[in-house]
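The next block holds one structure in the form of structure tokens; read it before the comments.
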Amino acid sequence: MQAQDYRLTLVHHRLETEIGREQARRAPDRWRLMRLKKLKLAIKDRLHRLARPGEVAG
Numbered sequence: 034m035q036a037q038d039y040r041l042t043l044v045h046h047r048l049e050t051e052i053g054r055e056q057a058r059r060a061p062d063r064w065r066l067m068r069l070k071k072l073k074l075a076i077k078d079r080l081h082r083l084a085r086p087g088e089v090a091g
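The working numbering applies: residue 34 is where the sequence shown begins, and numbers increase by one.
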């Protein structure tokens with residue numbers, strides 16, 4: 034399960050980087066930003082769901 038957490042964390046970080054790059058452009062693509070932010074939020078939600086069982090048992 035830790036490998037999956039690590040991969041999701043990497044994807045979350047990459048999305049954060051891409052969002053920053055897009056926002057730094059002279060004319061950011063609003064639709065691309067929206068998609069990236071939705072993906073980032075979905076990854077974050079998934080990470081939280083994965084962490085919950087560990088908190089209860091831990």
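Beta carbons: idealized from backbone N, C-alpha and C, even for Gly.
Remember, predicted model here, so these are calculated numbers, not experimental data.
query: First and last residue of the uninterrupted alpha helix (DSSP H) at D38; result: 35–57
query: Contact under 8 Å by Cβ, H45 with K77; result: yes
query: L41 to R63 span [Cα, whole Å]; result: 24 Å
query: L43 vs I52 beta-carbon contact at 8 Å; result: no
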